[in-house]
Ligand SMILES: Cc1cc2nc3c(=O)[nH]c(=O)nc-3n(C[C@H](O)[C@H](O)[C@H](O)COP(=O)(O)OP(=O)(O)OC[C@H]3O[C@@H](n4cnc5c(N)ncnc54)[C@H](O)[C@@H]3O)c2cc1C
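Residue numbers (the numbering used here), protein chains in the order written: chain P, 1 to 110; chain V, 1001 to 1521.
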């Protein structure tokens, strides 16, 4: 009964961080912007997530934005369920459409 | 696998859900396994399923809340309100009673007012510390936020839970000035001067004609807080960051007796944090890198680790807020007091003045970095704490400290203890337990340790600041004076305001404690 996941890019609203990929949420914010805002505090260089991941993934792969392979379906599951020491994030705080935009950005970014 | 509210059949619950969908929109009623899993407590001290919810509802405003309450009362559906729902270490977004429906207020996230002249704000529950800081920055406000160490939570949820920050406004419940609250029957009340029609003074003064009720709705299940007024600190002219090292373990009593008068006379004008040895050796590594023995890290190993880092047995950190000249005076008094009482102490000071770029020691930036500590004890990491409130008197603090340290060692846990000089007359001890959440033996040991400490503290007349969901009944039972007169009064208020008991059953043991007593437990 949830809102339909929005995969088609909506009107491109040029944000300060506009990216070339099409991953966007309903309000037009790009997957990259959303990633920085909602995941960045833990997943940029030196963040909690990056530090924990650097202990268990191959070198250079701990920063999600530099990950060679990161399937979108894996990201969406991880975010809703949590993984290891990462607390999960609920649909009321990050909608399915926003999460999909982030996951698509992380998958296709390169 | 479906979870039901206690006492409801699948059929009646489905009917209630259908009514909730019609009332607030189907997309705001969450029932799938994946969605419900997102409300489990990631740091639970045991099986997360013990506190599983049956569904979640995300209202858009007070009208939605009213509709939800009307339906919940009819079907007897228990509701667990959360604001940002990041009550990490104490239950996160999960309910005390399994099968409760989460009332997720995240969508109600407007910052209704920031009054630069009065130094006040009015916010809704879903406003996170990230949101609030961003808005202050956007407005180039001259007012500062006081937040807890990690910024994921909400201004309202944290203040309601008596949260702690590190500025002169760091006792967050004390900064509350007026609330709007929806009671279980759907009636809406404004506390304080908010009760005066057309007032300009809602946030100006907390004491209306008649009883001040703000406190009644903190750490409570008497209502749903839909708006909150807060006092904010004007940007100071300057700041000093002070860190003090005390090498000698035997100086604890002197330390407490040195800090108390400084804090009481407001020379130290913000909460201070004292850390014991175990608490200082954590940063930047995991426990298995420094200790592979059984049980807690031994005192000897700890001393080696402290020496490696050039740290003392105790450390104290705090920030001072004043003009540059005022800071000089404060620092002089602090230096004098320490050189008289604890000559071995070393004091380091950093300074900041208005106009200079902010630095991390000022704790003015939003951050999630502090959550990193959760991984210290093992992965998937979990953490909770035992938090007694103690008078800052050397003898008393030492008595409590000694018991906690001894019990932690006895139960094979590192006594990772911080003591927060939250106000001039109270120290909150935060004795953290880190565990691998999936290790059933370890989490069970932590629960036993916690309950042992409740018994120890009851014996010497000490109560707790806040607890994880699992220990609500243990903590409330510590209030035994007058045949548990205070818990009983809370239960009577609860029965009067919420006769169907639909709001946050089990919260702070209100309601549930009495039930158990009647059942003869
Ligand atoms: C590493 C670490 C460090 C921490 N440091 C600190 C710290 O420095 N200071 C500190 O205070 N805490 C600290 N915490 C504890 C906690 O994570 C924070 O206090 C956090 O801000 C609480 O989450 P929240 O604001 O999202 O509250 P919520 O989860 O939204 O609310 C907490 C509870 O309050 C009640 N409630 C919330 N909103 C309402 C409402 N609108 N109406 C009625 N009842 C309501 C509910 O019972 C709810 O479960 C720390 C935790 C960790 C893991």
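Just so it is clear, CB atoms sit at the ideal spot from N, CA and C, and this is done for glycine as well.
Can we count residue i as close to ligand 1, meaning its CB is less than 7 Å from some heavy atom?
i	result
residue 54 of chain P	no
residue 1507 of chain V	yes
residue 1353 of chain V	no
residue 1062 of chain V	no
residue 1153 of chain V	yes
residue 1125 of chain V	yes
residue 108 of chain P	no
residue 1084 of chain V	yes
residue 1090 of chain V	yes
residue 1497 of chain V	no
residue 1267 of chain V	no
residue 1156 of chain V	yes
residue 1146 of chain V	no
residue 1111 of chain V	no
residue 1163 of chain V	yes
residue 1102 of chain V	no
residue 1371 of chain V	yes
residue 1105 of chain V	yes
residue 1242 of chain V	no
residue 1176 of chain V	no
residue 1360 of chain V	no
residue 1087 of chain V	yes
residue 1486 of chain V	no
residue 1150 of chain V	yes
residue 1504 of chain V	yes
residue 1213 of chain V	no
residue 1093 of chain V	yes
residue 94 of chain P	no
residue 1479 of chain V	no
residue 1225 of chain V	yes
residue 1374 of chain V	yes
residue 1383 of chain V	yes
Which residues in chain V have a C-beta closer than 7 Å to the C-beta of residue i? List them in chain order.
i	result
residue 87 of chain P	1042, 1088 and 1092
residue 41 of chain P	1367 and 1368
residue 48 of chain P	1368, 1369, 1371 and 1372
Which chain P residues sit within Cβ distance under 7 Å of residue i?
i	result
residue 1058 of chain V	92
residue 1030 of chain V	91
residue 1375 of chain V	52 and 85
Kindly list, in the order they appear in chain V, the residues whose Cβ is closer than 8 Å to that of residue i.
i	result
residue 57 of chain P	Neighbours of residue 57 of chain P on chain V: none; closest Cβ ~13 Å, over 8 Å.
residue 80 of chain P	1034, 1035, 1037 and 1038
Name, please, each residue of chain P whose Cβ falls closer than 9 Å to the Cβ of residue i.
i	result
residue 1379 of chain V	52, 55, 56, 84 and 85
residue 1085 of chain V	90, 92 and 93
Can you name the residues of chain P whose CB is closer than 8 Å to the CB of residue i?
i	result
residue 1039 of chain V	90
residue 1106 of chain V	90, 92 and 93
| said: Runs of 4 residues minimum, wholly inside the segment 1430–1493 of chain V: which ones carry the alpha helix (DSSP H) assignment? | reply: Runs found: 1440–1459 and 1472–1476.
| request: Determine contact between the segment 1001–1012 of chain V and the segment 1342–1349 of chain V, defined as no fewer than three beta-carbon pairs at a distance below 8 Å. | output: Taking one beta carbon from each stretch, the segment 1001–1012 of chain V and the segment 1342–1349 of chain V have fewer than 3 pairs nearer than 8 Å; the two do not touch.
| said: With three or more beta-carbon pairs closer than 8 Å as the criterion, would you say the segment 1322–1334 of chain V touches the segment 1233–1245 of chain V? | reply: With a cut-off of 8 Å, the segment 1233–1245 of chain V and the segment 1322–1334 of chain V count as touching, because enough Cβ pairs lie within range.
| request: Could you tell me whether the segment 1177–1191 of chain V touches the segment 1055–1070 of chain V, using the rule of 3 or more Cβ pairs below 8 Å? | output: Under the Cβ criterion (8 Å, minimum of three pairs), the segment 1177–1191 of chain V counts as touching the segment 1055–1070 of chain V.
| task | Please go through the segment 1143–1184 of chain V and give each complete alpha helix (DSSP H) segment of 4 or more residues, from N-terminal end onward. | result | For the segment 1143–1184 of chain V, the full-length alpha helix (DSSP H) segments reaching 4 residues or more read 1155–1160 along the chain.
| field | Any 3 or more C-beta pairs closer than 8 Å across the segment 1384–1395 of chain V and the segment 61–68 of chain P | value | Counting Cβ pairs under 8 Å, fewer than three are found: no touch.
| task | Identify every run of the alpha helix (DSSP H) within the segment 1287–1365 of chain V, keeping only runs that are complete inside it and at least 4 residues long; order them along the chain. | result | You should have 1299–1308 and 1324–1341.
| message | My parser needs the beta strand (DSSP E) runs of 3 or more residues fully inside the segment 1052–1107 of chain V; what are they? | response | Within the segment 1052–1107 of chain V, the complete beta strand (DSSP E) runs of at least 3 residues are 1055–1057, 1079–1082 and 1101–1104.
| Is there contact here, the segment 1435–1450 of chain V with the segment 1405–1412 of chain V, by at least three beta-carbon pairs under 8 Å? | At 8 Å Cβ cutoff, the stretches touch.
| field | the segment 1184–1201 of chain V touching the segment 1086–1103 of chain V, judged by at least three CB pairs closer than 8 Å | value | Flag = no, the segment 1184–1201 of chain V and the segment 1086–1103 of chain V do not touch.
| field | beta strand (DSSP E) runs contained entirely in the segment 1365–1441 of chain V, provided each spans 3 or more residues | value | Inside the segment 1365–1441 of chain V, DSSP marks whole beta strand (DSSP E) runs of 3 or more residues at positions 1381–1386, 1416–1423 and 1426–1436, from first to last along the chain.
| said: Please give me, in chain order, every unbroken run of the alpha helix (DSSP H) with length at least 4 that falls completely inside the segment 24–48 of chain P. | reply: Fully enclosed alpha helix (DSSP H) runs of 4 or longer: 31–38 and 40–43.
| Can at least three beta-carbon pairs, one atom from the segment 1370–1384 of chain V and one from the segment 83–96 of chain P, be found at a separation below 8 Å? | When C-beta atoms of the segment 1370–1384 of chain V are compared with those of the segment 83–96 of chain P, three or more pairs fall below 8 Å, so the two segments count as touching.
| Segment contact, 8 Å Cβ cut-off, at least three pairs: the segment 1211–1225 of chain V with the segment 1355–1367 of chain V | By the C-beta criterion, the segment 1211–1225 of chain V is judged not to be in contact with the segment 1355–1367 of chain V, since fewer than 3 inter-stretch pairs fall below 8 Å.
| Taking three-plus beta-carbon pairs below 8 Å as touching, is the segment 91–105 of chain P in contact with the segment 23–37 of chain P? | They touch, by the three-pair rule.
| Cβ pair count under 8 Å reaching 3, the segment 1327–1341 of chain V against the segment 1122–1137 of chain V | No: fewer than three Cβ pairs fall under 8 Å.
| query | Is it a yes or a no for the segment 1269–1286 of chain V touching the segment 1131–1142 of chain V, going by three-plus beta-carbon pairs under 8 Å? | reply | These segments do not touch.
| Unbroken stretches of the beta strand (DSSP E), 3 residues or longer, contained in the segment 1013–1047 of chain V | The segment 1013–1047 of chain V contains no whole beta strand (DSSP E) run of 3 or more residues.
| task | Taking 8 Å as the threshold, find out whether the segment 1272–1280 of chain V comes into contact with the segment 1210–1218 of chain V through three or more Cβ pairs. | result | Between the segment 1272–1280 of chain V and the segment 1210–1218 of chain V, the count of Cβ pairs shorter than 8 Å is below three; the stretches do not touch.
| request: Would you be able to state if there are at least three C-beta pairs under 8 Å between the segment 1071–1090 of chain V and the segment 75–82 of chain P? | output: Below 8 Å, too few C-beta pairs join the segment 75–82 of chain P and the segment 1071–1090 of chain V to call them touching: fewer than three.
| task | Assess, as a yes-or-no matter, whether the segment 1249–1264 of chain V is touched by the segment 1416–1428 of chain V under the definition of 3 or more beta carbon pairs within less than 8 Å. | result | A contact exists between the segment 1416–1428 of chain V and the segment 1249–1264 of chain V.
| Are three or more beta carbon pairs between the segment 1031–1045 of chain V and the segment 1069–1079 of chain V nearer than 8 Å? | With the cut-off at 8 Å, the segment 1031–1045 of chain V and the segment 1069–1079 of chain V do not touch.
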